[in-house]
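Numbering (this note's numbering), first residue to last: 71 to 327.
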Ligand code: 0L1
Ligand code: MG
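In structure tokens, the structure reads:
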């Protein structure tokens with residue numbers, strides 16, 4: 071099996087917003103380490119085409135998501151400049167079956183690296199914490215995948231939007247922050263920061279450890295999406311989503327129809 075070829079097939083589907091069957095159906099010997107290699111090949115393709123790495127996302131950080139995929143570990147993906155939304159308008163162009171989920175984002179001021187990084191190291195390295203939403207969009211038919219498939223597909227990352235307002239890391243107990251997500255005026259999901267590995271800071275710790283094993287790091291200025299606080303909800307043309315973060319205002323997503 072040629073990993074570069076497997077990666078390039080997936081890359082074309084990511085670029086063109088076309089779904090495919092999970093790659094493990096045809097390549098059943100693929101390992102999680104090889105899946106991360108595929109993820110990195112495709113990010114390198116995007117960087118070579120002029121994009122920029124702006125951060126990391128953690129995925130499968132809630133018990134509910136881990137159970138639904140049948141795993142007991144979190145995963146990470148890479149965030150590119152081209153994925154970031156700078157206003158509430160979401161175009162469906164290039165997306166297959168997008169879903170949105172509320173997240174808490176950490177923005178770093180110092181480099182974080184090493185398998186011995188602790189929560190205290192994360193607080194000392196963090197510039198600010200911001201409400202955020204992630205739009206995930208698995209390239210696999212019916213969002214049907216194994217751990218290997220989803221890692222190769224950059225942890226289903228598609229778009230993300232960070233709130234205008236930043237907060238001191240010490241201003242809130244981030245595990246207790248409540249979130250309400252409404253679609254077209256109806257409450258669809260509620261949750262609290264503790265859904266993310268017990269506390270979102272643990273997600274950043276876990277990311278630093280996983281990256282250290284690959285010789286990578288969280289660099290100053292990077293954003294880290296720590297993981298979905300609730301289940302993700304489907305988005306369709308014309309939908310209006312409001313995500314309320316307790317004491318921190320709202321993030322709007324308007325799906326262009
Ligand atoms: O951000 C996430 O937790 C998504 C990870 C991949 C699982 C999915 O696509 O639902
Ligand atoms: Mg997410």
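Even glycine gets a Cβ: it sits at the ideal position worked out from N, Cα and C. Remember, it's a predicted structure, so these values are computed and weren't measured experimentally.
query: Per DSSP, the bridge partner or partners of residue 227; result: 206
query: Beta-carbon proximity of residue 268 to residue 300, cut-off 8 Å; result: no
query: Whole-number beta carbon distance between residue 71 and residue 97, since they are thought to touch under 8 Å; result: 5 Å
query: Contact set, the ligand MG heavy atom to C-beta under 5 Å; result: 204 and 298
query: Check: residue 303 C-beta below 7 Å from any heavy atom of the ligand 0L1; result: no
query: Nearest to residue 109 (by Cα), restricted to the options 87, 146 and 170; result: 146
query: Residue 229 beta carbon near the ligand 0L1 (any heavy atom closer than 7 Å); result: no
query: Neighbour-count burial assignment, residue 295, 16 or more Cβ in a 10 Å radius; result: buried
query: CA nearest to the CA of residue 303, picked from 204, 193, 92 and 152; result: 204
query: Coarse secondary structure for residue 279, derived from DSSP in three states; result: helix
query: Inter-residue Cα distance where the pair is residue 134 and residue 273; result: 16 Å
query: Rounded separation between residue 195 and residue 276 - CA only; result: 15 Å
query: Cβ pair residue 139, residue 231 closer than 8 Å; result: no
query: Validate contact between the segment 217-224 and the segment 88-95 using beta carbons, cut 8 Å, 3 pairs; result: yes
query: Where residue 101 falls, given that 16 or more other Cβ within 10 Å makes a residue buried; result: exposed
query: Cβ-based neighbour list, residue 314, same chain, cut-off 6 Å, excluding 5 preceding and 5 following; result: 250 and 320
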